[in-house]
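Counting in the numbering used here, the sequence shown runs from 3 upward without gaps.
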Amino acid sequence: MRIGVPRALLYYNYRPALEYLAGEDVAEIIVSSATNKLKLEQGLALCDDEVCLPVKVLMGHVQSLLGDVDALFLPRIISLEKKRYLCPKFLGLPDMVRAGLGRKTPLISPAINVGWSRLRQLREGIKSLGSMSGQPLKLWRALDRAARVQEQHRRQLAAALDMPVRRKRVAVLGHAYNIFDEYLNFGILNKLSALGVEPVTVENFRREHINQGASGLSKDLFWSYGREVVGAALYCLHSKVVDGVILVASFGCGPDSLITEIIGRRFSAAAIPLMSIILDEHSSGIGLATRVEAFVDMLNWRDMA
Ligand code: SF4
3 MRIGVPRALL YYNYRPALEY LAGEDVAEII VSSATNKLKL EQGLALCDDE
53 VCLPVKVLMG HVQSLLGDVD ALFLPRIISL EKKRYLCPKF LGLPDMVRAG
103 LGRKTPLISP AINVGWSRLR QLREGIKSLG SMSGQPLKLW RALDRAARVQ
153 EQHRRQLAAA LDMPVRRKRV AVLGHAYNIF DEYLNFGILN KLSALGVEPV
203 TVENFRREHI NQGASGLSKD LFWSYGREVV GAALYCLHSK VVDGVILVAS
253 FGCGPDSLIT EIIGRRFSAA AIPLMSIILD EHSSGIGLAT RVEAFVDMLN
303 WRDMA
């Protein structure tokens, strides 16, 4: 069976696990190709204006897979850590896709909620496969191994901030789907590297760093990914592990509006410079490159002052 995985949203967070599963004998996994103009335009045509940019992009990726796959993997994600949640778009994603693209291609949409028992999670997973669940135990074991691969990858990335650095280091903070989709962000990480700066992302912060940063909030944020971004930014503020912070947010994203405001206020009198970038379908690569260059120039001038 060919199972389509859109290269969008949480694909970027779980790429190591998905790549591991693709090499296992459980199903043929087909990942859509990189975001491009056509996918973005198709996503825009399928969504209302008020939908956030990353979901529009996901719709374009789903559209590109239809016809080439027997089913689409689109989990209904409620929670990935206890007492914290993902934004409601993740909960309603399978319904949005069905409403926009019809029911011809079956969806594999396990509801994922770590607040449930392991048994209930397994039951939900098997139920989501329906008549396609041939060997649930084999699949469960493969998922378990994939989870270990994912965890190992996470630990490797989280060690990056401990490495000594001779260049300027800038934290580029935002949702992984904004930071690692080069079409959406015009290759901001490569741009910084080309300017002689080492970019680090949320994934390079240890959990204890993020918790330490987030502990400075008067009230805990219950959005998992938003809390990670705020925690990493506030950790930078106090630990001085980076020379500057670039915050990348999506147009049309409620959680991003809030975290941009929280971080902006905390950085207003800080010694570390902050630049906010909001991505939307009208963003210009030239405009973004100019802002990034000016930001790096400013970091270099500060040394001379
Ligand atoms: S967190 Fe923001 S960008 Fe991500 S899916 Fe929700 S609304 Fe969209």
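Yeah, the Cβ is synthetic: ideal placement off N, Cα and C, and Gly gets one too.
The alpha helix (DSSP H) with S66 in it runs from where to where? For S66, the enclosing alpha helix (DSSP H) has its first and last residue at 55-67.
Coarse secondary structure for K170, derived from DSSP in three states: If DSSP states are grouped into helix, strand and coil, K170 belongs with the strands.
Three Cβ pairs or more, each shorter than 8 Å: is that satisfied between the stretch 234-241 and the stretch 204-221? In short, these stretches touch, since the Cβ pair count reaches three.
Name the residue from V28, S34, M3, C54 whose alpha carbon lies nearest to the alpha carbon of I280. Closest option to I280, Cα to Cα, is C54.
Backbone CA spacing between E153 and L159 [nearest angstrom]: So the alpha carbons of these two residues sit roughly 10 Å apart.
Of the residues F297, N206, W225, L219, which one's Cα is nearest the Cα of I248? The residue with the shortest Cα to Cα distance from I248 is F297.
Ligand 1 heavy atom lying under 6 Å from the CB of C255: Correct: C255 has its Cβ closer than 6 Å to ligand 1.
How many angstroms separate the CA atom of Y14 from the CA atom of Y179? When rounded, the separation of the alpha-carbon atoms in Y14 and Y179 is 6 Å.
Which same chain residues, not among the five before or five after A73, have their C-beta less than 6 Å away from its C-beta? Answer for A73: I5, P108, I110, listed in chain order.
Any heavy atom of ligand 1 within a distance shorter than 6 Å of the CB on S259? S259 Cβ: outside cutoff for every heavy atom of ligand 1.
Report whether the distance from the Cβ of P77 to the nearest heavy atom of ligand 1 is below 6 Å. Not a single heavy atom of ligand 1 lies less than 6 Å from the C-beta of P77.
Cβ-Cβ distance between V59 and K193 below 7 Å: For V59 and K193, no; Cβs fall outside 7 Å.
According to DSSP, simplified to helix, strand and coil, what is P201? Looking at P201 - three-state DSSP - the assignment turns out to be strand.
List the residues that DSSP assigns as beta-bridge partners of G225. Reading off the sequence shown, one finds Trp at residue 225, where the question assumed Gly. According to DSSP, W225 bridges with Y87.
Same chain only: Cβ atoms within 8 Å of Y87, ignoring 5 sequence neighbours per side: I80, S81, F224, W225, S226.
Spell out the partners DSSP gives N115 in its beta bridges. In the DSSP assignment, N115 is bridged to S81.
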